[in-house]
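*Asks:*
In the UniProt record's numbering, the protein residues as written are 1 to 126.
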């Protein structure tokens, strides 16, 4: 009986770390722009495929002005978290970012080809 319980717990942890193809997830929180020491709200709605690729829409505010952009990113499951890397074009500028999904948290660091850089921490909304 004890070995069955351990197996169920291990399988449960393994399944929680996996992402189902076609799954759509939503996170909300704040981003920081370190170049100008600004911050604002940020929301991400992302859908995955069966190869660990994601398509996301980010919406938020920059100095009170709303923004919206599309991004793609890839995920790699480490067993403890999903490591992420992605790209986006925002107002004609190239952005790259890296991050991770762990539990209900989506965290990332970004930089652009014109010197913007910062990070974001978002919590999943069910």
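Ideal placement from N, C-alpha and C gives every residue a C-beta, glycine not left out.
Round the Cβ separation of residue 23 and residue 48 to the nearest angstrom and send it over; I've been treating them as touching at under 8 Å.
*Replies:* With a Cβ gap of about 5 Å, residue 23 and residue 48 count as contacting.
*Asks:* Can you tell me the Cα-Cα spacing of residue 39 and residue 61, whole angstroms?
*Replies:* One C-alpha to the other measures close to 8 Å.
*Asks:* Do you know how far the Cα of residue 93 is from the Cα of residue 80?
*Replies:* Computed Cα separation, rounded: 33 Å.
*Asks:* Taking C-alpha atoms, which residue in 117, 64 and 106 lies nearest to residue 125?
*Replies:* Minimum Cα distance to residue 125 is reached at 106.
*Asks:* In the DSSP assignment, what are the bridge partners of residue 87?
*Replies:* Beta-bridge pairing links residue 87 to 72 and 96.
*Asks:* Which residue or residues does DSSP assign as beta-bridge partners of residue 55?
*Replies:* Per DSSP, 47 and 72.
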